[in-house]
Structures are given as C-alpha cells and as structure tokens.
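Quick notes on the structure that follows.
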Amino acid sequence: MSKVLRSVVTGVGGYLPETIVTNEELAKIVETSDEWITERTGIRQRRRAAADQPVSDLAVAAARRALEAAGRTPQDVDLIIVATTTPDLTFPATATIVQRKLGCPVGPAFDVQAVCSGFVYALSVADGFVARGRAKCALVIGAEEMTKLMDWTDRGTCVLFGDGAGAVVLETMDGEGAKTDRGMLGFALMADGTKQDLLYVDGGVSTTGQVGHLRMQGNQVFRHAVVNISDAIVAAAADAGVEISEVDWFIPHQANLRILEGVARRLGIDEEKVITTVSEHANTSAASIPLALDAAVRDGRIKKGDLLLMEAMGGGLTWGACVVRF
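Per the numbering used here, numbering through the sequence shown is continuous, rising by one, with the last residue being 417.
As structure tokens, then:
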C-alpha cells in the first residue's frame with residue numbers, strides 16, 4: 092500500500108471545575124431526588140464553573156494537559172478548533188481566545204457548533220487539515236458550561252447537565268493506508284434540522300436577543316438517539332473498514348446511562364468495553380467524549396494501538412461517530 096498521512100492523537104487532557112453539585116443539592120431547589128435522577132440517567136453529580144470562569148478557561152486547562160501529555164508546547168500548535176455551544180462571547184470565536192491565553196503562534200483558530208456532537212464534528216474538520224498536511228499540530232477541544240443554559244425550575248433538564256472541557260492533540264504521522272494505522276480511520280456525520288424542537292435553546296442573538304434556556308423533549312430524544320447513533324456507528328465502522336467486533340473501547344457521548352446501554356445492546360458491544368463517566372460529571376455536551384477518553388487513558392485502560400469508537404447526538408438534531416486507532 093502507498094504511504095498516506097494520518098492525523099494521530101498524541102496527547103489527551105481533561106478539566107472539570109472545582110464545584111461539585113450533587114443530586115441531593117439539586118433536590119433542595121427543584122422537585123427531584125437522588126433516586127429519581129440516578130435511576131433514570133445514571134448521574135450522581137455534576138460540576139459547575141465559577142461565575143468568573145468563562146468556558147475558555149476550562150478549554151485552556153484541558154489543552155495544557157493534552158499538550159503536556161503529547162510532549163508539546165503552545166508554540167508547536169498551528170491549528171485550534173473548539174467545539175462549544177456556550178462560548179465566552181458572541182464573537183470572537185472561543186478558539187481565538189484560547190489561542191491568546193495559551194500564547195500560541197498565529198494560525199487558524201475557530202469554533203465548531205454541533206452541540207453534543209461538536210467534538211466528533213471538530214475531529215473530522217481537524218482531520219481535514221492534519222491528514223492533508225495543512226497543519227502539523229492541532230488542538231481539538233470540547234468545552235462547555237451547560238449550567239449557564241439551565242432553567243432551574245425544569246427538573247427534566249437541569250439535573251442532566253454539567254460543565255467541563257476535554258482536549259486532544261492531533262499530529263501528522265505517516266501511515267500505510269491500512270486499518271492497522273494509528274490515527275483517524277473513519278467518520279459518519281449526520282444532521283436533521285426537522286427535529287429542532289426536540290432539543291434546542293429558546294434564545295439567540297437574531298431572535299430574542301437573549302441567551303435563553305435549554306428545552307428538551309426527553310422521551311423523543313431518547314428514541315431517536317439509540318437508532319441514529321447506532322446507524323452512525325455502523326457507517327463510521329464501514330468507512331474505516333473495520334468490524335464493530337474489532338473495537339477495543341466504545342467511548343460514547345456521556346448523556347444518559349440508559350442511552351449508552353441501549354446503543355451497546357443494539358450493536359452487541361460488550362458492556363466491559365464501554366467507557367462511562369456520566370455519573371461523575373453528567374452531560375457536558377461537546378466535552379463529554381474527550382473527558383471520558385482522558386479518564387480511560389489516565390487509568391491505563393486505553394493503550395497505544397487500541398481501536399476506539401466514539402459517538403454522540405445533540406441538538407439540531409446532529410449526530411455522528413468516528414473510529415480512531417489510538
């Protein structure tokens with residue numbers, strides 16, 4: 092086979108704000124209970140960013156850890172993509188703020204907005220740069236402060252979300268053009284704008300002029316999630332030329348334990364291969380996949396050469412999956 096360029100994950104990092112909000116604490120402000128939340132979602136606690144802690148601060152903290160893991164410095168970075176639905180400002184892009192705070196050199200820096208699917212979308216965009224030699228060392232970050240979008244009187248949504256950030260460093264490496272190569276191997280990205288009303292925020296610059304609150308039809312989202320995510324996983328595996336049975340670790344978007352289990356059952360994925368962190372930080376939207384990846388790399392489960400399958404679904408509706416050899 093002829094040589095090809097691959098975009099390879101060389102470093103992973105995560106960051107969670109210090110403040111922990113337990114289910115018991117939420118039960119004091121909205122009609123719910125630890126038992127109700129845990130049984131339906133698997134969530135036991137979530138993190139909340141400080142009032143003076145913008146999402147770029149979370150992104151920078153995760154990025155620094157990813158760069159350290161990769162043995163790189165901010166001066167090596169020539170592309171920054173931040174997946175977020177809770178930016179510091181309407182503009183500029185949070186990625187440019189991260190670039191400034193890290194002290195990275197001048198180069199492309201922009202945000203990707205696909206809500207919970209944002210990290211998978213951002214990886215695909217970054218792969219378009221790195222695997223074509225247009226960037227050599229990219230930072231791909233998922234960073235969110237979803238608690239800023241909550242209606243704290245709506246127990247159907249406010250118990251589900253938290254704040255956090257995760258990041259990966261992608262670098263150019265030579266591959267053989269085979270499924271045994273390290274790096275990004277396959278993607279499947281989807282969106283269906285007709286399902287907007289199932290999961291959205293009821294505010295915006297050109298509509299209400301306000302940030303708004305997250306609104307969700309939970310049962311409908313669940314129904315679409317299991318089917319859509321499963322289809323995307325099958326498509327991404329086909330794009331990578333691998334069988335789902337070959338996957339070493341399944342790293343799903345950490346939205347709801349029941350969705351994670353439903354997708355795994357539908358595709359016949361062994362539950363021991365599923366990385367789950369939702370109980371510790373709830374749904375952190377675009378940050379949830381890299382946070383779960385970071386946790387499994389740090390505890391030694393994920394090792395170099397392992398075949399990883401990542402997936403997510405979010406507002407839009409958007410959904411997608413990717414296959415990566417770590």
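Built from N, CA and C at the ideal position, the CB exists for glycine as well.
Since Leu230 and Val260 are thought to touch, with beta carbons under 8 Å apart, how far apart are those beta carbons, to the nearest angstrom? Position 139 of the sequence shown, counted from the start, is the residue given in the question as residue 230. Position 169 of the sequence shown, counted from the start, is the residue given in the question as residue 260. That belief holds up - the Cβ atoms of Leu230 and Val260 are roughly 6 Å apart, short of 8 Å.
Where Ala153 sits in the DSSP three-state scheme: If you number the sequence shown from 1, residue 153 lands on position 62. The DSSP-derived three-state label of Ala153 is helix.
Contact defined as beta carbons within less than 8 Å: I believe Arg163 pairs with Cys228. What is the distance between those atoms, to the nearest angstrom? Position 72 of the sequence shown, counted from the start, is the residue given in the question as residue 163. Position 137 of the sequence shown, counted from the start, is the residue given in the question as residue 228. That belief holds up - the Cβ atoms of Arg163 and Cys228 are roughly 6 Å apart, short of 8 Å.
Kindly indicate which three-state DSSP category Met404 falls into: helix, strand or coil? Mapped onto the sequence shown, residue 404 falls at position 313. In this structure, DSSP gives Met404 an extended state, which the three-state scheme calls strand.
Shortest alpha-carbon distance to Thr110 belongs to which of Ala140, Ala118, Arg389? Residue 110 sits at position 19 when you count from the first residue of the sequence shown. Nearest C-alpha to Thr110: Ala140.
Could I get the ranges of all uninterrupted alpha helix (DSSP H) runs contained in the segment 209-281, with 4 residues as the minimum, in chain order? As far as the segment 209-281 is concerned, its whole alpha helix (DSSP H) runs of at least 4 residues are 209-221, 246-249.
I'd like the span of the beta strand (DSSP E) that includes Ser98, first residue to last. As a position in the sequence shown, residue 98 is number 7, starting the count at 1. Start and end: 95-106.
Any contact between the segment 289-304 and the segment 374-383? By contact I mean 3 or more CB pairs, one from each, below 8 Å. The segment 289-304 is not in contact with the segment 374-383.
What first and last residue would you give for the alpha helix (DSSP H) that runs through Arg314? Position 223 of the sequence shown, counting from 1, holds the residue named residue 314. Looking at the DSSP string, the run of the alpha helix (DSSP H) that includes Arg314 is 309-331.
Run through DSSP, which three-state label would Ile366 get? Position 275 of the sequence shown, counted from the start, is the residue given in the question as residue 366. For Ile366, the three-state secondary structure derived from DSSP is coil.
Does DSSP classify Pro381 as helix, strand or coil? Within the sequence shown, residue 381 is the residue found at index 290, counting from 1. If DSSP states are grouped into helix, strand and coil, Pro381 belongs with the helices.
Supposed contact pair Trp243 and Ile120 - C-beta distance, whole angstroms, cut 8 Å: Counted from its first residue, the sequence shown places residue 120 at position 29. Counted from its first residue, the sequence shown places residue 243 at position 152. About 6 Å; that satisfies the 8 Å criterion.
Does the segment 212-223 touch the segment 387-394, meaning 3 or more C-beta pairs lie closer than 8 Å? No contact exists between the segment 387-394 and the segment 212-223.
For Pro178, three-class secondary structure by DSSP: Locating residue 178 in the sequence shown gives position 87, where the first residue counts as 1. Three-state DSSP puts Pro178 in coil, outside helix and strand.
DSSP puts Asp202 in a beta bridge; with which residues? Counted from its first residue, the sequence shown places residue 202 at position 111. Beta-bridge pairing links Asp202 to Val173.
Environment of Ala373 [buried if 16+ CB atoms lie within 10 Å]: Indexing the sequence shown from 1 puts residue 373 at position 282. When all chains shown are included, Ala373 counts as buried.
For Glu337, which of Val317, Leu398, Val302 has the nearest alpha-carbon? The residue given as residue 337 occupies position 246 in the sequence shown. For the residues Val317, Leu398, Val302, the minimum Cα distance to Glu337 belongs to Leu398.
Using CA coordinates, which residue listed in His315, Val189, Leu149 is at the minimum distance from Ala200? Position 109 of the sequence shown holds residue 200. Selected option, being the one with the closest Cα: Val189.
On the criterion of 16 or more Cβ atoms from any shown chain inside 10 Å, does Asn319 qualify as buried, or is it exposed? Here residue 319 is taken as the residue at index 228 of the sequence shown, counted from 1. Taking a 10 Å sphere around the C-beta of Asn319, we find 16 or more other C-beta atoms and assign the residue as buried.
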